[in-house]
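>
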Amino acid sequence: YEPTSGRLKISGSVASMFDIGFGFDPDATGWDNIALRGMLLGYSRREIDRLSSEIGEASGLGEFLDMPLRTYSTGMSTRLAFAVSTSITPEILLIDEGIGAGDAAFHAHAKERLKTFIGEAGLLVMASHSNGLLRQWCNTGLWMEHGRVRMHGPIEDVIGAYEASVAQG
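With my numbering applied, the sequence shown covers 149 to 317.
Written out as structure tokens, the structure reads:
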């Protein structure tokens, strides 16, 4: 839905994980894509150079970082995007359930990185249809329907109301 009115005020640096391809060049290596995506997030080349090895290690891609992104699976691209977005430590991380790509080891690793990220006073905004994922990571819920707020409150209350609504048809 197109906004019709209102104001938007953002206090803090923002990174998103909605489009894993954003800021990536399929012909560039993983290392080059770390730099490209980092610069798109507003960080200097010096900051990216300082963080590159940590980001590479966090991605778990090893020698694949020397290969062009076009050779990566969706899961590998997701790992790289996730590593960049969480290593730079933005104050606000926007994420959707699309981080579901990847194997069990990646999910365990992603869970630990998110715990660390959230623990460093970051704000997580998650869009998902997975009530389990929402319960795991969120304490406040916002139920949107047809572009309007249907309910806002504690996550258990919002999920309960949503599930009751779905059950009623």
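Yeah, the Cβ is synthetic: ideal placement off N, Cα and C, and Gly gets one too.
Are three or more beta carbon pairs between the region 288-301 and the region 248-268 nearer than 8 Å?
Contact between the region 288-301 and the region 248-268 is absent, because fewer than three Cβ pairs lie under 8 Å.
> T226 and F265: beta carbons closer than 8 Å?
Mapped onto the sequence shown, residue 226 falls at position 78. Mapped onto the sequence shown, residue 265 falls at position 117. No, these two residues do not count as a Cβ contact at 8 Å.
> Within the region 190-264, note down every full alpha helix (DSSP H) run reaching 4 residues or more, in order along the chain.
Listed in chain order, the complete alpha helix (DSSP H) runs (minimum 4 residues) inside the region 190-264 are 193-207 and 222-235.
> Can you tell which of G210, S233 and T219 has its C-alpha closest to the C-alpha of A183?
Numbered from 1 along the sequence shown, position 35 holds the residue referred to as residue 183. Here the closest residue by C-alpha is S233.
> Specify the secondary structure class of R155 as computed by DSSP and reduced to three states.
If you number the sequence shown from 1, residue 155 lands on position 7. Reduced to three states, the DSSP call for R155 is coil.
> From A309 to V297, what distance separates their C-alpha atoms?
Taking the sequence shown and counting its residues from 1, the one referred to as residue 309 is at position 161. Taking the sequence shown and counting its residues from 1, the one referred to as residue 297 is at position 149. Cα to Cα, the separation comes out at about 13 Å.
> According to DSSP, P302 sits in a beta bridge with which residue or residues?
Along the sequence shown, read from residue 1 onward, the residue named residue 302 stands at position 154. In the DSSP output, where bridge partners are listed per residue, P302 has T288.
> Spatial neighbours of A231 within its chain, please: CB distance less than 7 Å, with the 5 preceding and 5 following residues excluded, ordered by chain position.
Walking along the sequence shown from the start, residue 231 turns up at place 83. Within the same chain, A231 has close Cβ partners I203, A206 and S207.
> Going along the chain, which residues of its own chain have a beta-carbon closer than 8 Å to the beta-carbon of T177, five neighbours each way excluded?
On the sequence shown, position 29 is the one that residue 177 refers to. Here the set comprises L213, D214, M215, P216 and L217.
> Look at the Cβ atom of D244, then the Cβ atom of M165, and state whether they are nearer than 8 Å.
Position 96 of the sequence shown, counting from 1, holds the residue named residue 244. Position 17 of the sequence shown, counting from 1, holds the residue named residue 165. Cβ distance < 8 Å, so D244 and M165 count as in contact.
> Under DSSP, the alpha helix (DSSP H) around A183 begins and ends at which residues?
Residue numbering aside, residue 183 sits at position 35 when the sequence shown is read from its first letter. Start and end: G178 to L188.
> Compute the beta-carbon to beta-carbon distance between L189 and A163, rounded to the nearest angstrom, for a pair I have assumed lies under 8 Å.
Walking along the sequence shown from the start, residue 189 turns up at place 41. Walking along the sequence shown from the start, residue 163 turns up at place 15. 6 Å between Cβ atoms; contact.
> Can a CB atom of chain D be found closer than 8 Å to the CB of G208?
You won't find chain D in this structure, because it holds only one protein chain.
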